[in-house]
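Okay, structure first, notes after.
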Amino acid sequence: MNALHIDWQPDKTLALPVYQQITDYFQRAIASGDWPMGAKIPSQRKLAAQFGVNRSTLITALDELVAVGLITSTPGSGMTVSGNHWSSLLAEHVNWAQYVQAGQFKPNGHAIQKINQFETNDVIRLSTGEPAPDQFPRALFQKAFDHLGQQLTSLNYTEPAGILALRQQIARHLAKVGIHTSADNILITSGSLQALQLVSMSLFPKDATIYTEAPTYVKSLHVFQSAHTHLAGVPMDNQGMAYWQLTPPAKDRHAIMYTIPTFNNPTGIVMSAERRQQVLAYAQDHRIPILEDAAYQDVWFDQQPPQPLKALDETGNVIYFGSISKSLAPGLRIGWTVATKPVIDRLTDVRMQTDYGASSLSQLVLAEILADPEYDTYQAHFRDVLSRKAEAAQSILHRYWDDFATWDAPQGGFYLWVRLDDRINIQKLFDLATAQNVLFNPGSIYDFQPNQYIRLSFSYESTERFEQGIRILTNLIKENF
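Be aware that the sequence shown starts at 1, since it is given in UniProt numbering, and climbs by one per residue.
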């Protein structure tokens, strides 16, 4: 269907805000039937020029229209009319935008929303922090399903803290990295992100200060901000968090430390064994609880990383988050929290108020897989493949980017943290790349200030697709910067 022809302009002499005039115009055109469902809407650039407004004003209006279901924005395809007469009437009588904007959770930034929407199979995903589909251990899962099929009698709600058999297997798994705990000290969650949300809702006092590495995992930043906390970025060196650079909280203020000591996301830095002891001692001296995010604990290449902070914790100061998302299958949506019994009891009570537990089927399957001796064989093969993909990705970057980029060789994890020359505008490159169906993550989304870094994932795409994406980015950089 051809794009709609628009010859209307807002009246800037009116008291009604321009973005609201644009929203009202769209609603009238759709309600009257002049704009049929499926009609293609001109691009943001053309609309901004036609209306004589800047992009931010236009985006405010379009976001409201998307929120009420009148238009749909699809990456790579543009915007189309999706509403009808009834949804238009609803939009005229209920201002959903005020509700959308009033919620507790802070919205993702534009770049993050675009990344989330754009991660499809049609795009070269140099952004995706997931195992490659071809590394899926089909035989392990088939064996688990076959065994479960003979025993399964129901899929009812599980125990509040999660299926006991799974918690016991996780305790056994954690003992391999020096964490000696019991099933009573483990809570099963729907991924480690839910664990962060539960901790934020249950344990964070309002206006608490959260010390995080800078840069750090972008999702944790938004969870913490939505909990009405104050974020304080702490710089890193090549051994991890430079803890001595943080300002201790006043005696009447609460503070929490959040760290990804093993293969920090996005930098890949591994906190040294000595630094781990120092950070733990500092936190204990200042009575600062530690949240240890260990999503990449098992994703090492040649040398196993130092023991987790939780393994060194003798006072119950550390809450440990683990996940199967990076080392097996993110779609299982299984994570776990290890903490003292009172903390686990509190988190369990809150999670029972929000849902009734992670998928019982996923928990049963994972318990079977962790109990299978072949799981360790799979893990070794998984790490070997990932290590070779990391080497190949660096070889490709050396071939194309040595003149304008630097990075450190990763020892594990999924990512290359790449610094580009100052002459390259990262945001512009991001927009140009998405137009060419190539997606990477700008470094600024992980940090407290703009930077010249990008995060490239070598885990998801094949080496051939990785090189194809780098070639496209190279051409964009040479043509535009």
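Even glycine gets a Cβ: it sits at the ideal position worked out from N, Cα and C.
Cα-Cα, which of Met201, Leu420 and Ile396 is closest to Thr406? Leu420
Give the range of the beta strand (DSSP E) segment to which Leu291 is assigned. Ile290 to Asp293
To the nearest angstrom, how far is it from the Cα of Leu166 to the Cα of His5? 59 Å
Ile334, enclosing beta strand (DSSP E) - first and last residue: Here Ile334 belongs to no beta strand (DSSP E), and DSSP marks it neither H nor E.
Per DSSP, Lys40 is paired with what? Ala3 and Thr80
By Cβ distance below 6 Å, which residues in the same chain neighbour Asn441 in space, the five residues on each side in sequence not counted? Ser127 and Arg455
Alpha carbon to alpha carbon, how far is Gln194 from Lys326? 15 Å
For the alpha helix (DSSP H) that Ile426 lies in, which residues bound it at each end? Ile426 to Ala435
Hey, out of Phe458, Leu416, Ile445 and Val365, whose CA is closest to Gln169's CA? Val365
What is the DSSP secondary structure of His230, counted as helix, strand or coil? strand
In this structure, does DSSP put Asn121 in helix, strand or coil? coil
Go to Met257, then tell me how far its beta strand (DSSP E) extends in each direction, as first and last residue. Ala255 to Thr259
Within 8 Å, strictly: CB atoms of Lys341 and Asp184: yes
C-beta atoms of Phe430 and Ile477 nearer than 8 Å: no
Taking Cβ to Cβ, would you say Ile472 is nearer than 8 Å to Gln436? yes
Local Cβ density within 10 Å of Pro205, reported as buried at 16 or more and exposed below that: exposed
Span of the alpha helix (DSSP H), counted from its first residue to its last, around Ile445: No alpha helix (DSSP H) holds Ile445; DSSP gives it neither H nor E.
Please classify Trp300 as buried or exposed, where buried requires at least 16 other C-beta atoms within 10 Å of its C-beta. buried
DSSP state of Leu90 mapped onto helix, strand, coil: Here Leu90 scores only 49 on pLDDT, less than 50, and its place in the model should not be relied on; the value that follows carries that caveat. Residue state, collapsed to three classes: helix.
Should Ile470 and Ile424 be called a contact, given that it needs their Cβ atoms to be closer than 8 Å? no
Evaluate Lys12 with the Cβ neighbour count: other Cβ atoms within 10 Å of its Cβ, from every protein chain shown; 16 or more gives buried, anything less gives exposed. exposed
Does Phe321 come out as helix, strand or coil in the three-state DSSP assignment? strand
Burial state of Trp244, where buried means 16 or more other Cβ atoms lie within 10 Å: exposed
Nonlocal neighbours in the same chain, by C-beta distance under 8 Å from Ser200, ignoring five residues either side: Val223, Phe224, Ser226, Ala227 and Thr229
Anyone know if the C-beta pair for Ile22 and Pro10 falls short of 8 Å? yes
Spatial neighbours of Gln239 in its chain, beta-carbon cut-off 7 Å, leaving aside the 5 residues before and after: Met271, Ser272 and Arg275
Beta bridge counterpart(s) of Ile71 as assigned by DSSP: Val81
Please state whether the Cβ-Cβ distance between Ser360 and Arg333 is less than 8 Å. no
Could you check how far apart the C-beta atoms of Ile41 and Ala3 are, in whole angstroms? I think they sit under 8 Å. 7 Å
Which residue from Ile290, Leu148 and Asp298 puts its Cα closest to that of Gly178? Asp298
Where does Leu187 fall in DSSP's three states? strand
Nearest CA to the CA of Asp252: which residue from Ser190, Gln278, Asp207 and Tyr282? Asp207
Taking 8 Å as the threshold, find out whether the segment 372 to 392 comes into contact with the segment 155 to 164 through three or more Cβ pairs. no
Separation of Ser43 from Ala61, as counted between CA atoms: 14 Å
Just to confirm the assignment, what range does the beta strand (DSSP E) spanning Arg455 have? Tyr453 to Ser457
Boundaries of the beta strand (DSSP E) in which Ile210 is found, first to last residue: Thr209 to Glu213
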